[in-house]
Amino acid sequence: MTDGQENRLEAGRESAGTLGPTGSARSMEPLRSSGTTDPEGRTGVGQRSVLEVEHLVKQYPGADVPVLNDISFRIPKGKVFVVLGPSGSGKSTLLRTIAGLEPIQGGRILLDGRTVESGDASKGVRAPRGNRVSGTRSTDLRTRIGMVFQSYDLFPNKTVLDNVTMAPVLVQKRSRDEARKEALELLDRVGLADRKDAWPNELSGGQRQRVAICRALILHPEIMLFDEVTAALDPEMVREVLQVILELADQGLTMMIVTHEMAFARGIADHIVLLDRGSLVEESDDPERFFTDPATERARQFLSTFTYERRRGDGVGEQAHQAGQGNV
Amino acid sequence: MHGVEILLQPGVFPRLFSGLWVTVWIAGISVILSIPVGLLVGWLMTIRNGLVRAVMRVYLDFIRIMPQLALLFIAFYGFARAFDWNLDATGACVLVFVLWGGAELGDLVRGALESIPRSQYESAYVLGLDSWQTFRRIILPQAFRRMLPASVNLATRIVKTTSLAALLGVIEVIKVGQQIIDANRFLYPQATLWIYGVIFFMYFFICWPLSLVARHLEKRWAHD
């Protein structure tokens with residue numbers, strides 16, 4: 016690791032309260048609109064935050080630049096927080112750090128006002144061997160943050176019902192009967208009660224993803240993280256999954272959603288942010304406004320990659336240029 | 063086709079079966095003991111400690127490179143005598159086959175464990191399962207399924223390799239066959255074909271059920 020990198024890491028870690036040398040004013044700007052944080056990490060705004068992230072820095076060992084650089088935000092209880100951004104911007108990594116799957120090198124993550132992870136520049140220098148997860152969170156803490164992955168990742172050696180009841184029985188020590196009962200209720204809610212004895216490989220992608228949502232919900236997490244949950248699905252199956260997530264939002268579940276479905280983001284978000292190259296470049300409490308009249312040029316550029324329009328006559332080059340940049 | 067009468071001689075089949083029992087006993091005990099050894103070796107091959115992994119690597123390579131016959135001779139004539147172990151020929155065979163089976167199975171276990179995608183570990187992690195629960199309930203069952211065909215293949219190789227035990231003086235089925243052939247060399251000069259033919263089918267009927275069981279289990283576990 017070069018000196019320059021270390022400085023950058025330090026900057027992210029030390030900058031709680033004050034701006035570090037590399038924490039550009041630009042990336043800090045959207046933060047102010049969401050209420051200031053005092054040194055204790057308590058937010059000044061009235062609503063209780065389920066999740067708070069402060070000056071988070073994530074850098075992979077050997078990488079020149081951090082994947083996430085000085086990210087701060089908070090998610091109040093019952094709100095839906097949507098993260099947009101081009102691929103490679105660090106959206107998934109952000110969710111993974113919150114879930115404890117990746118160590119962070121700076122800043123901290125608070126759940127219900129309590130620090131669950133603090134950055135440490137020495138963390139993650141040694142990658143875990145094989146496929147194991149290097150995280151050190153307590154099993155109890157892990158059940159308080161639910162996560163659903165893009166590739167569903169059901170356990171192929173368990174039936175649908177066993178996939179859902181496994182963690183409540185093994186981790187939360189709930190009775191098998193009670194877990195079964197709740198699992199069946201959840202499966203019923205997502206329309207899969209009749210498939211309870213099926214094996215994961217007998218289900219469609221959309222069905223698997225709904226089971227994966229049930230598997231996370233049964234633990235009663237304080238917040239659910241959705242990592243591009245429809246990205247691997249056929250278009251017809253996207254809706255059945257997003258419908259489930261919409262219903263959860265209506266029931267007041269706190270959620271953080273990374274998605275490429277713009278119409279869905281627009282419909283479900285209470286709060287929307289744009290992540291680009293590891294920094295929050297725009298943050299908005301008004302999703303409608305974000306989509307119709309974004310405050311930053313970067314957001315305008317990003318959103319333009321989702322619309323198609325022929326410039327008959329002139330300006331062809333410009334449009335192509337913008338679309339290309341959005342995909343960096 | 064003469065010489066077939068040898069098979070009707072009193073005592074021929076009972077003797078062959080008693081030899082077969084020795085073969086099955088050595089192979090059975092070796093395979094059964096190889097399983098825990100293989101699981102342990104496979105697990106040690108995937109742990110973080112570099113020294114342990116290096117030791118396991120050397121162990122596996124040594125066992126693989128050495129001919130099984132050389133290992134048998136080292137165990138029986140070398141170590142047992144040198145250190146005054148009370149190790150009979152059958153015991154030496156079991157020891158060598160367990161060391162060999164354990165190493166080979168260990169490598170299969172390692173390969174199977176490493177083939178389970180990272181996302182399975184991650185799903186288990188976010189659900190709160192601890193590393194033992196993850197290993198025992200998620201990773202191991204999937205790994206078993208993946209290593210099953212190669213493991214059955216290994217078991218049949220162990221069964222076949224028990225024929226080397228004859229060279230340590232163990233009277234197993236091949237040795238019994240040779241004795242019968244030698245004793246009847248003048249009466250039934252064509253006995254060789256018939257006796258070894260019977261032995262051939264005896265091996266076949268030991269190994270074939272293994273394949274059947276493997277195929278059955280594979281079908282039952284075919285959920286990934």
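Those protein sequences? They're chains A and B, same order as listed. If you're matching positions, the first sequence starts at 16 in our numbering and goes up one per residue. If you're matching positions, the second sequence starts at 63 in our numbering and goes up one per residue. No residue lacks a Cβ here, since even glycine has one placed at the ideal position from N, Cα and C.
(Q) Closer than 9 angstroms between beta carbons: that is the criterion. Which residues of the stretch 76 to 100 of chain A meet it against chain B? (A) none
Q | Inter-stretch contact (C-beta, 8 angstroms, three-pair minimum) for the stretch 190 to 202 of chain A and the stretch 229 to 239 of chain A | A | yes
Q. Which residue comes first and which comes last in the alpha helix (DSSP H) that contains Glu262 of chain A?
A. Locating residue 262 of chain A in the first sequence gives position 247, where the first residue counts as 1. It spans 250 to 265 - the alpha helix (DSSP H) in which Glu262 of chain A sits, taken as one unbroken run.
Q) Quick one: which chain B residues come within Cβ less than 7 angstroms of Ser166 of chain A? A) The sequence position of residue 166 of chain A within the first sequence is 151, counting from 1. Chain B residues near Ser166 of chain A: Ser181.
Q. Between the C-alpha atoms of Met162 of chain A and Met239 of chain A, what's the straight-line distance to the nearest angstrom?
A. Stepping through the first sequence from its first residue, residue 162 of chain A is reached at position 147. Stepping through the first sequence from its first residue, residue 239 of chain A is reached at position 224. Distance between the alpha carbons of Met162 of chain A and Met239 of chain A: 6 angstroms.
Q.
Could you compute how far the alpha carbon of Glu280 of chain B sits from the alpha carbon of Pro203 of chain B?
A. One-based indexing of the second sequence puts residue 280 of chain B at position 218. One-based indexing of the second sequence puts residue 203 of chain B at position 141. Cα to Cα, Glu280 of chain B sits roughly 12 angstroms from Pro203 of chain B.
Q: Tell me whether Ser39 of chain A sits in a helix, a strand or coil according to DSSP, three-state version.
A: Sequence index remark: in the first sequence, residue 39 of chain A carries index 24 (1-based). With a pLDDT of only 37 at Ser39 of chain A, under the threshold of 50, the placement of this residue in the model should not be trusted; the figure read from the coordinates follows. Correct three-state label for Ser39 of chain A: coil.
Q. Residues in its own chain within less than 6 angstroms of Ala276 of chain B by CB, not counting five upstream and five downstream?
A. As a working mapping, residue 276 of chain B is identified with position 214 in the second sequence. So the list reads Leu210, Val214, once near-sequence residues are dropped.
(Q) Is there a C-beta anywhere in chain B that falls below 7 angstroms from the one on Thr112 of chain A? (A) Mapped onto the first sequence, residue 112 of chain A falls at position 97. No, its Cβ sits nowhere closer than 7 angstroms to a Cβ of chain B.
(Q) Please return the same chain residues whose Cβ sits closer than 7 angstroms to the Cβ of Val256 of chain A, not counting the five positions on each side in sequence. (A) Here residue 256 of chain A refers to the residue found at position 241 of the first sequence. Counting only Cβ-Cβ distances below 7 angstroms, and skipping sequence neighbours, we find Gly221, Gln224, Arg225, Val244, Thr245, Leu248.
**Q.** Minimum C-alpha distance to Val288 of chain A - residue among A:Ile86, A:Val80, A:Leu66
**A.** Translated into the one-based positions of the first sequence, residue 288 of chain A becomes position 273. Of A:Ile86, A:Val80, A:Leu66, the residue nearest in Cα terms is A:Ile86.
Q | Chain-ordered chain A contacts of Val188 of chain B [CB-CB under 8 angstroms] | A | Along the second sequence, read from residue 1 onward, the residue named residue 188 of chain B stands at position 126. Here the neighbours are Ala114, Gly115, Leu116, Arg157, Ile160, Gly161, Met162, Ala231.
Q: List the endpoints of the continuous alpha helix (DSSP H) containing Gly104 of chain B.
A: Locating residue 104 of chain B in the second sequence gives position 42, where the first residue counts as 1. Segment 74 to 108, the alpha helix (DSSP H) holding Gly104 of chain B.
Q) Taking Val68 of chain A as the reference, which of A:Thr320, A:Gln266, A:Gly77, A:Thr112 has the closest Cα? A) Numbered from 1 along the first sequence, position 53 holds the residue referred to as residue 68 of chain A. Nearest option by C-alpha distance: A:Thr112.
Q | Beta-bridge pairing of Lys73 of chain A - partner residues as DSSP gives them | A | Position 58 of the first sequence, counting from 1, holds the residue named residue 73 of chain A. Its beta-bridge partners are A:Leu83.
Q: Select from the stretch 204 to 225 of chain A all residues with a C-beta closer than 9 angstroms to any C-beta belonging to chain B, and list them in chain order.
A: Trp214, Pro215, Asn216, Glu217
Q. Mind checking Lys196 of chain A: buried by the 16 CB within 10 Å criterion, or exposed?
A. As a first step, residue 196 of chain A must be located in the first sequence, where it is residue number 181. When all chains shown are included, Lys196 of chain A counts as exposed.
Q.
Given this structure, state the Cα-to-Cα distance separating Glu297 of chain A from Ile119 of chain A, to the nearest angstrom.
A. If you number the first sequence from 1, residue 297 of chain A lands on position 282. If you number the first sequence from 1, residue 119 of chain A lands on position 104. If you take the alpha carbons of Glu297 of chain A and Ile119 of chain A, they lie about 22 angstroms apart.
Q. Going by other Cβ atoms of all chains shown within 10 Å of its Cβ, with 16 needed for buried, is His286 of chain A buried or exposed?
A. Looking up residue 286 of chain A in the first sequence gives position 271. With 16 or more other Cβ atoms within 10 Å, it is buried.
Q. Considering only residues of the same chain and omitting the five flanking positions on each side of Asp242 of chain A, which have a CB-CB separation below 6 angstroms?
A. By 1-based counting over the first sequence, the position of residue 242 of chain A is 227. Correct list, in chain order: Ser107, Leu110, Phe164, Gln165, Val273.
Q.
Can you tell me whether Leu290 of chain A is helix, strand or coil according to DSSP?
A. In the first sequence, counting from the first residue as 1, residue 290 of chain A sits at position 275. Strand at Leu290 of chain A.
Q) Run through DSSP, which three-state label would Asp192 of chain A get? A) Within the first sequence, residue 192 of chain A is the residue found at index 177, counting from 1. Helix.
**Q.** Proximal residues to Tyr258 of chain B (C-beta, below 7 angstroms), its chain only, five neighbours per side dropped
**A.** Reading the second sequence from its first residue, position 196 is the one you call residue 258 of chain B. The answer, listed in chain order, is Gly239.
Q: Measure from the C-beta of Thr58 of chain A to each C-beta in chain B and report whether the shortest distance is under 7 angstroms.
A: On the first sequence, position 43 is the one that residue 58 of chain A refers to. At Thr58 of chain A the pLDDT is 45, less than 50, meaning the model places this residue with poor confidence and gives no usable figure here.
Q: Would you mind telling me which residues of chain B sit closer than 9 angstroms to Leu263 of chain A, beta carbon to beta carbon, in chain order?
A: Here the question's residue 263 of chain A lines up with position 248 in the first sequence. Going along chain B, no residue has its Cβ under 9 angstroms from Leu263 of chain A, so there is no contact; the nearest lies around 17 angstroms.
Q: Could you tell me the distance, in whole angstroms, from the CA atom of Gly115 of chain A to the CA atom of Ile109 of chain B?
A: Within the first sequence, the letter at position 100 stands for residue 115 of chain A. Within the second sequence, the letter at position 47 stands for residue 109 of chain B. The straight-line gap from Cα to Cα measures roughly 21 angstroms.
Q: Check the Cβ of Leu248 of chain A against every Cβ in chain B and list those closer than 9 angstroms, keeping chain order.
A: The sequence position of residue 248 of chain A within the first sequence is 233, counting from 1. Ordered by position in chain B, no residue passes the 9 angstroms Cβ test against Leu248 of chain A, which lies about 16 angstroms from the chain.
Q) What residue ranges within the stretch 92 to 167 of chain A form continuous alpha helix (DSSP H) runs of no fewer than 4 residues, ordered along the chain? A) 106 to 114, 154 to 158
Q: Can you give me the Cβ contacts of Met270 of chain A inside the same chain, cut-off strictly under 6 angstroms, excluding the 5 residues immediately before and after it?
A: Translated into positions along the first sequence, residue 270 of chain A becomes position 255. Within the same chain, Met270 of chain A has close Cβ partners Val95, Met239.
Q.
Does the stretch 121 to 137 of chain B come into contact with the stretch 146 to 162 of chain B, if we say contact requires no fewer than three beta-carbon pairs (one atom in each stretch) closer than 8 angstroms?
A. yes
Q) Does Ala241 of chain A get closer than 7 angstroms to chain B when you measure Cβ to Cβ? A) Here the question's residue 241 of chain A lines up with position 226 in the first sequence. Position check: residue 241 of chain A holds Phe in this sequence, whereas Ala was assumed. No, Phe241 of chain A does not count as interfacial toward chain B.
Q) Are the stretch 315 to 327 of chain A and the stretch 214 to 231 of chain B touching, with three or more C-beta to C-beta distances below 8 angstroms? A) no
Q. Which residues share a DSSP beta bridge with Leu66 of chain A?
A. For the purposes of this step, residue 66 of chain A is taken as residue 51 along the first sequence, with counting starting at 1. In the DSSP output, where bridge partners are listed per residue, Leu66 of chain A has A:Ile90, A:Leu126.
Q | 7 angstroms CB neighbourhood of Val186 of chain A in its chain, flanking five on each side removed | A | Here residue 186 of chain A corresponds to residue number 171 of the first sequence, with the count starting at 1. Once the five neighbours on either side are set aside, the close Cβ partners of Val186 of chain A are Thr154, Thr158.
Q: Name, please, each residue of chain B whose Cβ falls closer than 7 angstroms to the Cβ of Leu268 of chain A.
A: The sequence position of residue 268 of chain A within the first sequence is 253, counting from 1. Per Cβ cutoff of 7 angstroms: no residues; Leu268 of chain A is ~16 angstroms from chain B at best.
Q.
Let me see if you follow: with CB-CB separation under 7 angstroms, is Ala182 of chain A close to chain B or not?
A. Stepping through the first sequence from its first residue, residue 182 of chain A is reached at position 167. So, interface residue.
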